[in-house]
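Numbering (my numbering), first residue to last: 2 to 249. The block underneath contains the structure these notes are about, expressed in structure tokens.
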Amino acid sequence: MSCGSPPTPVPTMTPLCPHMPPPGKWVVKDEKGNPCLLADMSLQLRSRYTTVDNTTRVGCINVPTNAEATGICGQNTSQLTLSFHVRQCNITFTFSESRENFSNPSSVEKFGVSQVSVEYFVNENWFPDAKKLHHKMEVTTANLEIYEAHVGQSYQCMGQTNITLNTDVTLFTQDLHLQPFSVSGYGFAKSHVCPEDPTPEPSWKANVVPMAVGCALGAFVILVTLGTYIVYRRRQKRMAGYSLLSTT
């Protein structure tokens, strides 16, 4: 199944799931042992299932921070697979490079997630009272164009988004930071921030209110000082007038 739309915030199915797990930090290395893919994120898989009494529930699978990361780093395609619970669950992200304008060879290259595959076993822990236990589920969605940024950058989205794999299975992400290409060491390159995240205000805007308050206080002090001086001068003139009258 395919889905070409960007990840959307707020899920349509709201089961009694635990909170999103803490974000994990994963690294894929090349044949020389150098980091070639960086991924920080919090992941939760939700899947509808049928219980023994034929009711529909939603099972939740949190990806632990100690999930094993494996993958490949190619020139135009890279993959990250996270495996956990003795490989009872595997989540694979495929990243692809492309050009913004294929007719122009010098156009800027970009990357994004082009495919997500999920494999998991239905067990009692994740799917209580499931009608069909101990069978393997496999879901793949291709032709994706999500989590995109220019090659040489990283992609960051701290808010919660989701990837719909099919009508029953959805993968939720949060605190996400990805760089599948042009990695140098263990640090991320400059981030392309997703539209869902609020844009921080420029530093000059943050200083506007304190500056305005300071100016207002300064003006108030000047006015009070000037008013006091004027009153003082008037009193001095009056006192001088009284002195002249008393001497005549």
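Ideal placement from N, C-alpha and C gives every residue a C-beta, glycine not left out.
ask   = Does the region 143 to 155 come close enough to the region 72 to 81 that 3 or more CB-CB pairs lie under 8 Å?
value = Because the criterion of three Cβ pairs below 8 Å is not met, the region 72 to 81 and the region 143 to 155 do not touch.
message = Please state the DSSP three-state secondary structure of Thr142.
response = Working through the sequence shown from its first residue, we reach residue 142 at position 141. Strand, per DSSP.
Distance between Val109 and Trp127 (C-alpha atoms, nearest Å) = Within the sequence shown, residue 127 is the residue found at index 126, counting from 1. Within the sequence shown, residue 109 is the residue found at index 108, counting from 1. C-alpha separation (whole angstroms): 43 Å.
ask   = How many whole angstroms separate the CB atoms of Val59 and Arg47, which I take to be in contact at a CB cut-off of 8 Å?
value = Translated into the one-based positions of the sequence shown, residue 59 becomes position 58. Translated into the one-based positions of the sequence shown, residue 47 becomes position 46. Right, their Cβ atoms sit about 5 Å apart.
request  = Look at the Cβ atom of Val117, then the Cβ atom of Phe94, and state whether they are nearer than 7 Å.
outcome  = On the sequence shown, residue 117 is found 116 positions in, with the first residue counted as 1. On the sequence shown, residue 94 is found 93 positions in, with the first residue counted as 1. Yes, the pair counts as a contact, with Cβ atoms nearer than the cut-off.
ask   = Where DSSP assigns a beta bridge to Ala40, which residues make up the other side?
value = Counting from one through the sequence shown, the residue named residue 40 turns up at place 39. DSSP lists Trp27, Leu179 as partners of Ala40.
query = Relative to the alpha-carbon of Pro181, which residue among Arg100, Val114, Asp169 has its alpha-carbon at the smallest distance?
reply = Mapped onto the sequence shown, residue 181 falls at position 180. When only C-alpha atoms are compared, the closest one is Val114.
task = Please name the residue or residues paired with Asn77 in a DSSP beta bridge.
result = In the sequence shown, counting from the first residue as 1, residue 77 sits at position 76. Paired residue(s): none; Asn77 is not in a bridge.
ask   = Do you know how far the Cα of Gln161 is from the Cα of Ile62?
value = Translated into positions along the sequence shown, residue 62 becomes position 61. Translated into positions along the sequence shown, residue 161 becomes position 160. The straight-line gap separating the alpha-carbon atoms of Ile62 and Gln161 is approximately 16 Å.
ask   = Do you know whose CA, among Gln45, Thr57, Val152, Val53, lies nearest Thr66's CA?
value = As a working mapping, residue 66 is identified with position 65 in the sequence shown. Nearest option by C-alpha distance: Gln45.
ask   = Per DSSP, what kind of secondary structure is Thr229 in: helix, strand or coil?
value = Within the sequence shown, the letter at position 228 stands for residue 229. If DSSP states are grouped into helix, strand and coil, Thr229 belongs with the helices.
request  = Label Ser185 either buried or exposed according to how many other C-beta atoms from any shown protein chain fall within 10 Å of its C-beta, with 16 as the threshold for buried.
outcome  = Numbered from 1 along the sequence shown, position 184 holds the residue referred to as residue 185. Only exposed fits Ser185, as fewer than 16 other CB atoms lie within 10 angstroms of its CB.
task = Determine the burial state of Trp205: buried for a count of at least 16 other Cβ atoms within 10 Å of its Cβ, exposed for fewer.
result = Mapped onto the sequence shown, residue 205 falls at position 204. With a pLDDT of 45 at Trp205, under the threshold of 50, the modelled position of that residue is not reliable, and the figure given next carries that caveat. Within a 10 Å sphere around the beta-carbon of Trp205 sit fewer than 16 other beta-carbons, which makes this residue exposed.
message = Threshold first: 3 residues or longer. Then list the beta strand (DSSP E) segments lying entirely within the region 147 to 198, N to C.
response = Taken in chain order, the complete beta strand (DSSP E) segments of 3 residues or longer contained in the region 147 to 198 are 147 to 151, 155 to 158, 162 to 165, 170 to 180, 192 to 194.
key: Own chain partners of Pro36 with C-beta closer than 7 Å, once the 5 adjacent residues on each side are dropped   = Position 35 of the sequence shown holds residue 36. Within the same chain, Pro36 has close Cβ partners Val28, Lys30, Val184, Gly186, Tyr187.
message = Taking the alpha-carbon of Asp198 as reference, which of Phe189, Gln157, Thr174 has the nearest alpha-carbon?
response = Mapped onto the sequence shown, residue 198 falls at position 197. Distances from the alpha-carbon of Asp198 to those of Phe189, Gln157, Thr174 put Gln157 closest.
query = For Thr71, which residues from the same chain have a beta carbon less than 6 Å from its beta carbon, with the 5 sequence-adjacent residues on both sides left out?
reply = For the purposes of this step, residue 71 is taken as the residue at position 70 of the sequence shown. Thr82, listed in sequence order.
request  = Using the Cα positions of His178 and Ala40, report the straight-line distance between them to the nearest angstrom.
outcome  = For the purposes of this step, residue 178 is taken as the residue at position 177 of the sequence shown. For the purposes of this step, residue 40 is taken as the residue at position 39 of the sequence shown. Each residue's alpha carbon lies about 6 Å from the other.
Test item: CB-CB of Thr52 and Asp130 under 7 Å = Residue mapping note: residue 52 aligns to position 51 of the sequence shown, counting from 1. Residue mapping note: residue 130 aligns to position 129 of the sequence shown, counting from 1. Contact: yes.
inquiry  = Just to confirm my understanding: we take Glu139, look at its own chain, exclude 5 residues before and 5 after, and list those with CB closer than 6 Å. What are they?
reply    = Numbered from 1 along the sequence shown, position 138 holds the residue referred to as residue 139. Within the same chain, Glu139 has close Cβ partners Glu120.
query = Going straight from the alpha carbon of Ser84 to that of Ala68, what length do you get?
reply = By 1-based counting over the sequence shown, the position of residue 84 is 83. By 1-based counting over the sequence shown, the position of residue 68 is 67. Approximately 5 Å between the Cα atoms of the pair.
task = Measure the CB-CB distance between Gln80 and Phe122 and report whether it falls below 7 Å.
result = Residue numbering aside, residue 80 sits at position 79 when the sequence shown is read from its first letter. Residue numbering aside, residue 122 sits at position 121 when the sequence shown is read from its first letter. No, the Cβ-Cβ distance between Gln80 and Phe122 is not below 7 Å.
key: Endpoints, beta strand (DSSP E) assigned at Thr93   = Position 92 of the sequence shown, counted from the first residue, corresponds to residue 93. Following the DSSP letters along the chain, one finds Thr93 inside the beta strand (DSSP E) bounded by residues 90 to 100.
query = Whose C-alpha, out of Pro19, His193, Cys18, Lys26, is nearest the C-alpha of Phe112?
reply = As a position in the sequence shown, residue 112 is number 111, starting the count at 1. Measuring from the Cα of Phe112, the nearest candidate turns out to be His193.
ask   = Can you give the Cα-Cα distance for Glu149 and Asp54, rounded to whole angstroms?
value = The residue you call residue 149 lines up with position 148 of the sequence shown. The residue you call residue 54 lines up with position 53 of the sequence shown. Pairing Glu149 with Asp54, the inter-Cα distance amounts to about 43 Å.
For Ser48, the residue or residues it bridges with in DSSP = Counted from its first residue, the sequence shown places residue 48 at position 47. According to DSSP, Ser48 bridges with Gly60, Val170.
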